[in-house]
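Engineer: Structure below; questions to follow.
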Amino acid sequence: MKARKFYQQAIKSQKKEEYPEALILFQKALEIDPGCYKAHTERGYVYGNMEDFKEALKSFDSSLNIKITPHGLYGKALTLYHLQEYTDAMLYFQKVVDIEPNEWAYFYIASCHFYSGEFELALKSLNEAILLNSEFKQAWNDKGVIYSILKNDEKALDSFQQVLEIDPDYLSAIYNMGTTLADSGNYPEALEYLNKFLEKDPENFKALLYKANVLFFMDLPEDALNYFEEALIQNPDSPEAWNYKGCVLSSLGKSKEAITSFKRAIKSSPEYVAAYLNLANVYKELNMLENAKKSLDKVLKISPDNEEALKENESLKMNN
């Protein structure tokens, strides 16, 4: 009777997210009744919430040694997932769905496949999750991400649209709609979604960077420049942002400033081929051919078969 009392008190503390207190109470329950598999299981979840995954695993193993339950199997699977042991995690999530349907188990099976680069298998598992819950927005969103990776923009956009019909304010889908539309060249629509996202998260580096690029492709270089600068406030060491900023400056005829930006990109990422190529182009425009050649030589040292660098090098030789 005392064990049950401690267990119930522990559950109350767990629900209040008072995890250290919950652990003490679960331990007291287990000292009285070591065979209480529920206490072992819930203690595992508490350790998981505290990100002590090794202790969580021990608790779930103790629970499963006493009695195999979907809740215990799911806890062990989730712990293995957080430990990035994806093959073992999939095995235990599969054991869960073999006993009873579980949309989240299928979702995490899909995530394991995703991190293993098995995108088609991930889609299959996400579809299983959606069959169980047609309004599973996280699953729809992840489907969209996978379709984007597979360059199927139409299906990606359809998936993100499904999310937004379920939850119009789901930020991840709003961002993904914006970036997918941008990647497919639908810049005005992309800008609408990126603006909506930035209303909620105005300092998001990736969204600022995407918006800057979209504005540049819409032939709004001055606006693009402002957003590249905003992005660099959030991440001053981003080689991509410095490189893109350099491209905008170059397009505006601000060659010296462009050179500075490309050099900053290279400083952040010494093997950034695109920045060296862009730097070489600016030097060539300024008739600083020796500097251009040095930049191209850097590219060829990093990537000996780079066609653009080989072509430009040949062009410089012909000009000399």
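Residues in the sequence shown are numbered consecutively from 1, following full-length UniProt numbering. All C-beta atoms, glycine included, are put in the ideal place defined by N, C-alpha and C.
1) Could you tell me whether the Cβ atoms of Ala190 and Leu198 are closer together than 9 Å?
2) Please identify the residue among Ile146, Phe228, Arg43, Lys137 whose C-alpha is closest to the C-alpha of His113.
3) Indicate the three-state DSSP secondary structure (helix, strand or coil) for Phe136 in the structure shown.
4) Just to check, is the beta-carbon of Ser134 closer than 8 Å to a non-hydrogen atom of the ligand COA?
5) Measuring CB to CB, does Tyr244 end up less than 9 Å from Ala212?
6) Along the chain, which unbroken stretches of the alpha helix (DSSP H) at least 4 residues long are found entirely within the segment 204-292?
7) Starting from the Cα of Asp237, find the closest Cα among Phe262, Tyr45, Lys151 and give me that residue.
8) If you compare alpha carbons, which of Gln8, Ala89, Gly144, Lys137 is closest to Pro168?
9) Would you mind working out which of Leu300, Glu307, Glu290, Tyr193 sits nearest Lys317, comparing C-alpha positions?
10) What are the boundary residues of the alpha helix (DSSP H) that includes Gln161?
11) Put Ile68 into one of helix, strand or coil per three-state DSSP.
12) In this structure, how does DSSP classify Gln8 when only helix, strand and coil are distinguished?
13) CA-CA distance, Phe107 and Asn306?
14) Between the Cα of Ser13 and the Cα atoms of Asp98, Lys54, Phe26, Lys200, which residue gives the shortest distance?
15) Whose C-beta lies closer than 8 Å to the C-beta of Gln234 among residues of the same chain, with five residues either side of it excluded?
16) Give me, in chain order, the residues of the same chain whose beta-carbon lies closer than 6 Å to that of Lys2; leave out the 5 immediate sequence neighbours on both sides.
17) Using the rule of at least 16 other Cβ atoms within 10 Å of the residue's Cβ for burial, across every protein chain shown, is Gly117 buried or exposed?
18) Among the candidates Phe119, Asp142, Lys58, whose CA atom is the shortest distance from the CA of Ile130?
19) Return the Cβ separation of Ala56 and Thr79 in integer angstroms, given the expectation that the two are a contact with Cβ distance under 8 Å.
20) May I ask which residues mark the beginning and end of the alpha helix (DSSP H) holding Cys36?
21) On the premise that Ala110 lies in contact with Val97, defined as a C-beta separation below 8 Å, what is that separation, rounded to the nearest angstrom?
22) How many Å lie between Leu277 and Ser295 at the Cα?
23) Under a Cβ-count criterion, where at least 16 other Cβ atoms within 10 Å of its own Cβ denotes burial, should Ile149 be classed as buried or exposed?
24) On the premise that Glu51 lies in contact with Ile11, defined as a C-beta separation below 8 Å, what is that separation, rounded to the nearest angstrom?
25) The alpha helix (DSSP H) with Asp305 in it runs from where to where?
Structural biologist: Looking at the coordinates:
1) No. Outside cutoff.
2) Ile146 is the residue among Ile146, Phe228, Arg43, Lys137 whose C-alpha sits nearest the C-alpha of His113.
3) Phe136 falls in the coil class under three-state DSSP.
4) The model on display carries no ligand, and the ligand COA is accordingly not part of it.
5) Yes. Within cutoff.
6) Runs found: 205-217, 221-234, 239-251, 255-268, 273-285.
7) Selected option, being the one with the closest Cα: Phe262.
8) Considering only alpha carbons, the answer is Lys137.
9) With distances taken between Cα atoms, Lys317 lies closest to Glu290.
10) From DSSP, the alpha helix (DSSP H) with Gln161 extends over 153-166.
11) If DSSP states are grouped into helix, strand and coil, Ile68 belongs with coil.
12) Correct three-state label for Gln8: helix.
13) If you take the alpha carbons of Phe107 and Asn306, they lie about 41 Å apart.
14) Looking only at Asp98, Lys54, Phe26, Lys200, the smallest Cα-Cα distance to Ser13 is reached by Phe26.
15) If you ignore the 5 residues before and after Gln234, its C-beta comes within less than 8 Å of the C-beta of Glu203, Asn204, Phe205, Leu208, all in its own chain and listed in chain order.
16) The answer, listed in chain order, is Ile32.
17) Flag for Gly117 reads exposed.
18) Selected option, being the one with the closest Cα: Asp142.
19) Yes, Ala56 and Thr79 are in contact; Cβ-Cβ is about 5 Å, under 8 Å.
20) Per DSSP, Cys36 is not a residue of any alpha helix (DSSP H), being assigned neither H nor E.
21) Between the beta-carbon of Val97 and that of Ala110 there is about 12 Å, and that puts the pair past the 8 Å contact cut.
22) If you take the alpha carbons of Leu277 and Ser295, they lie about 7 Å apart.
23) Within 10 angstroms of the beta-carbon of Ile149 lie fewer than 16 other beta-carbons, which makes it exposed.
24) Actually they do not touch by this definition, with Cβ atoms about 20 Å apart.
25) According to the DSSP assignment, Asp305 belongs to no alpha helix (DSSP H), since it is labelled neither H nor E.
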